[in-house]
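Residue numbers (this note's numbering): 109 to 724.
Even glycine gets a Cβ: it sits at the ideal position worked out from N, Cα and C.
Please read these numbers as outputs of a predicted model, since none were measured by experiment.
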Amino acid sequence: MKRNVLRALYFLSVLALPLHLLASQPQITVKSGAPSNVFVATDPEFDTVGGNQTGWTLTNWKQSIIASGVLNGSGKLSFKGMRTGYYKLTIAGDPDPVYFGVLPRIVSSPDNRVASDSAHSWIVPPDHLKLVGDLERLAGLKTVRDRFSWSQIQPTPGPFAWGNYDKSASVMQSNGIETLGVFHDAPKWTRGKFNKLPDNLLALNSFCSAASAHFKGRVSAWEFWNEEDIGFNTDPAWNFAAGQKACYLGFKQGNPGATVLLGSVAQPMKRGSLLDVIFSNGASDYFDVFNFHIYLPSRKPSVLLDKMVDSNQAILNAHSIRKPFWVTEVGLGFEGDGRAKTEVNGQVHAEHDAAQEIEQANALVRSQLMLMALGSQRSFSFIFPPLNEKNKVWGFLRWDYSVKPAYVALANLNYQLQGKSYSGTVDLGNSVTGYLFGGGSDQVLIIPVADRNVLSAKFALGDRVKAYDLMGTPVTDLQTVDGAAIYLRGLNGLVAESTAFAAVYDKAKPSNIVVNLKVDNGFQVKDRVRVVGSDGSAMLDVYNFADQPQTGAITADSGPNDVAIQGLPQSVTLAAKSMRSFPVHLVSRGSASSLRLWTEFAGDRRIAAVVPFASN
């Protein structure tokens with residue numbers, strides 16, 4: 109199908125039906141004043157322009173016809189008393205549908221755990237940015253994730269050019285939305301020829317400090333690097349840990365109230381050793397929130413999710429780390445290949461077909477609820493704007509920026525959660541789980557995979573207890589539910605069997621002294637987690653990120669399994685915001701040895717670097 113993206117924002121074309129009015133009729137243009145035809149607490153109304161007498165049909169998200177009629181050329185098409193939900197309007201003779209959503213107004217803050225990856229600075233055209241901000245606000249989002257590029261902001265040493273990132277953050281702020289910022293690049297002048305991470309940690313610290321200060325009040329949280337355990341990073345884990353430390357100190361210097369995340373890991377079950385080395389290097393004092401990504405299968409998603417969370421928790425426990433966690437990308441592994449195509453401004457894009465769109469909407473709600481139950485403090489559904497990676501389809505908006513069912517499902521989830529806190533899960537029997545929110549006499553129970561027989565046997569709808577479907581449309585008979593999510597409101601006295609996750613978290617206690625070891629001749633880094641070789645050179649960079657000079661010592665463990673190091677200075681004096689480099693020589697003493705360096709400045713002795721060695 110063909111769409112003009114400019115026309116599609118507020119002037120959407122529509123698809124055909126009543127057969128007796130097909131074919132030869134001139135096309136009628138249908139348009140509304142609502143952003144992407146999202147109507148909030150108001151009756152949908154469209155202007156029709158051109159054409160002759162033409163039939164129309166209105167269907168809901170279940171493809172049930174709920175209204176039909178005839179247009180007589182230019183005029184108004186209004187739907188009075190339309191209930192909350194997701195709808196498709198089809199016009200005879202036009203191959204493209206008008207999709208629209210009817211949303212309730214969200215009057216209080218929803219549970220801020222529900223968030224979305226947005227990446228609007230990178231993938232949303234500038235003339236669509238306001239629209240995306242409006243739609244995210246109307247959906248009840250309070251936090252979105254955006255991408256920054258250090259290389260773009262500071263391509264050469266000198267001033268920072270914030271450019272479109274300024275506008276993006278301000279648009280979100282004007283909509284009452286906080287931004288989580290992430291970057292995973294370094295300008296060429298800060299790194300070696302074959303590095304992805306910066307070698308110049310003073311420059312990294314300076315950038316993070318400047319960014320955090322500049323965007324204070326707009327960007328409330330920062331994330332250093334994206335999926336450092338796969339292709340976005342090729343550098344050793346101990347160098348990543350040093351970068352994490354420099355970033356954390358910079359972000360906090362620029363805005364002490366900012367939340368700083370560890371870079372997101374994509375495959376902890378496969379690459380847990382990378383995290384293990386990062387944590388062995390003392391990185392736990394340099395992030396406030398642990399962070400990972402997950403893409404769920406359509407069948408038994410909870411199995412993979414449980415394994416992922418358990419795997420992460422095991423690594424954290426092994427290092428006695430007690431931190432909250434966020435999931436900054438949660439998507440659908442099956443979301444993948446689009447079975448439909450669309451053309452926008454001469455470019456062909458992959459799209460989900462109707463069945464994939466509904467599956468996406470169901471999975472969005474289900475994944476958010478499962479992550480809450482496992483303790484996630486914030487989960488970012490991937491991704492809000494349209495995005496293709498080859499033929500893979502992502503996004504809660506289509507390429508014409510009309511809203512998909514997932515958008516309305518997201519808005520309904522936030523509406524149902526406003527003013528409610530998560531209480532825990534309720535076992536309803538027959539493998540049906542409900543997620544309970546709120547207390548007292550107005551509890552909300554969300555059943556992501558509804559079973560009509562179980563629900564009908566346990567709950568009776570009436571004056572107080574009400575039911576709503578995946579899109580927020582009222583349900584009057586629980587025997588009509590079909591496996592999609594159901595919301596029950598007005599419940600009283602339910603007790604969660606599995607209660608909300610609660611824990612005591614450790615506060616970070618960072619040092620301004622950071623050590624970064626770069627191995628050189630005679631050694632080879634393997635799998636980013638160990639050094640192969642027995643005798644060779646390295647460069648030890650020692651940084652002071654404090655505003656005053658510091659003097660202290662660097663020492664190494666010298667046990668039978670420790671790597672011997674030659675060239676360590678007896679004492680190190682560092683000017684404020686400075687770095688000194690020391691060439692050192694390393695000799696491995698065995699096939700499973702390690703180099704363990706300690707710093708002691710102002711009476712604070714702590715692990716500074718741990719580098720594992722292996723024979724191959």
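Here DSSP, grouped into helix, strand and coil, assigns threonine 584 to coil. Rounded to the nearest angstrom, the Cβ distance from valine 368 to tryptophan 330 is 6 Å, consistent with a contact under 8 Å. Shown here for phenylalanine 154: same chain residues with a beta carbon closer than 6 Å to its own, the five before and five after excluded, namely Val138, Ser140 and Leu185 in chain order. Scanning its chain for C-beta atoms nearer than 7 Å, with the 5 sequence neighbours on each side dropped, one finds around asparagine 303 the residues Asp343, in chain order. Ranked by Cα distance from proline 691, the options Ile423, Arg697, Asp712 and Gly644 are led by Gly644. The criterion of a C-beta distance shorter than 8 Å is satisfied by alanine 593 and proline 556. The shortest CA-to-CA distance from valine 417 to any of His693, Asn669 and Phe400 is the one to Phe400. In the displayed model, glycine 358 falls within a helix according to three-state DSSP. Beta-bridge pairing by DSSP links proline 691 to Met647. C-alpha of valine 612 to C-alpha of proline 432: approximately 9 Å in a straight line. The residues Thr298, in chain order, have a CB closer than 7 Å to that of alanine 311 in the same chain once the five nearest residues on each side in sequence are set aside. By the neighbour-count definition (other C-beta atoms within 10 Å, threshold 16), glutamate 451 is an exposed residue. In this structure alanine 391 is not in contact with glutamine 455, their Cβ atoms being roughly 42 Å apart against a cut-off of 8 Å. Secondary structure at arginine 474: helix, using DSSP grouped into helix, strand and coil.
Taking each of Arg245, Gly266, Glu336 and Leu249 in turn and checking the Cα distance to valine 290, the smallest one comes out for Glu336. In the DSSP assignment, glycine 241 falls within the unbroken alpha helix (DSSP H) covering 237-246. With the rule of 3 Cβ pairs closer than 8 Å, the region 545-552 does not count as touching the region 173-187. Per the coordinates, the alpha-carbon of phenylalanine 492 lies some 19 Å from the alpha-carbon of asparagine 272. Glutamine 262 counts as buried, since no fewer than 16 other beta carbons sit within 10 angstroms of its beta carbon.
Between the region 210-220 and the region 142-151, the count of Cβ pairs shorter than 8 Å is three or higher; the stretches touch.
Distance between proline 668 and serine 689, taken at the CA atoms: about 27 Å. Note on geometry: alpha-carbon atoms of asparagine 496 and serine 224 lie some 17 Å from one another.
According to DSSP, residue pairing for glycine 660 in a beta bridge involves Val680 and Phe709. About 14 Å separates the Cβ atoms of alanine 717 and valine 637, ruling out a contact at the 8 Å cut-off.
Rounded to whole angstroms, glycine 189 and aspartate 151 show a C-alpha spacing of 6 Å. Bridge pairing for tryptophan 502: Leu495 [DSSP]. Cβ-Cβ distances below 7 Å link isoleucine 338 to Ala374 and Gln375 in the same chain, with the five nearest sequence neighbours on each side left out; the list follows chain order. Pairing glycine 641 with leucine 404, the inter-Cα distance amounts to about 40 Å. Residues Asn652, Ala654, Asp655, Gln656 and Pro657 of the same chain have their beta carbon placed closer than 7 Å to that of alanine 684, with the five preceding and five following residues left out of the count. Just measuring C-alpha positions, the residue of Lys498, Ala664, Val252 and His236 sitting nearest valine 222 is Val252. The C-beta distance from alanine 608 to valine 627 rounds to 46 Å, too long to meet the 8 Å contact threshold.
Annotation: leucine 440 is outside any alpha helix (DSSP H); the continuous beta strand (DSSP E) that includes it extends over 433-440. Going by C-alpha positions, serine 259 is about 28 Å away from serine 487. In this structure, phenylalanine 398 sits away from leucine 357, with a CB-CB distance that is not shorter than 8 Å.
Under DSSP, glutamine 674 shares a beta bridge with His693.
Checking the DSSP bridge columns, you'll see proline 203 has no partner listed.
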